[in-house]
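Numbering follows our numbering, in which position 11 of the sequence shown is assigned residue number 11; successive positions increment by one, without gaps. We put the CB at the ideal spot given by N, CA and C, even for glycine. All remarks here apply to the structure that follows.
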Amino acid sequence: MKKALSLIATVALSFGAFTAQADGGAMYNSLGCVGCHGTNGAGASGPKLAGKDAAYIVKQLKDYQSGARVNATMNAMSQMAKGHEQAIADFLSKQ
């Protein structure tokens, strides 16, 4: 848990560099999603997201953000994607 919180803090510091127009792939990698979900969403220790429907990915991110879906890591990590869910989802859906 300490390692996850440290990663979250590190990623959060770099979050200010993003804008609403940021590339979803760059955000996916920079926000640390790649650490669990693998290169281009191919799956690693977390589930495969590549090729999933963009609307599904957006809904899951928002559910983690609101607490409607509970996973300690995702509840924390999803907060950094606020406002950028669609860009990340569009990237993953095309992989």
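Inset, instruction - Please state whether DSSP places S45 in a helix, a strand or coil. - result: coil
Legend entry - Check whether M77 and G32 have beta carbons under 8 Å apart: yes
Inset, instruction - Have a look at Q54 and D90 and give me their C-alpha separation to the nearest angstrom. - result: According to the sequence shown, residue 54 is Ala rather than Gln. C-alpha separation (whole angstroms): 5 Å.
Legend entry - Between the CA atoms of N29 and L61 - distance to the nearest angstrom: 16 Å
Legend entry - Local Cβ density within 10 Å of Y64, reported as buried at 16 or more and exposed below that: Counting Cβ neighbours within 10 Å, Y64 comes out buried, since at least 16 surround it.
Legend entry - A42 burial status per 10 Å Cβ neighbour count (16 or more: buried): exposed
Legend entry - Distance CB(Q86)-CB(A50) smaller than 8 Å: Cβ atoms of Q86 and A50: not closer than 8 Å.
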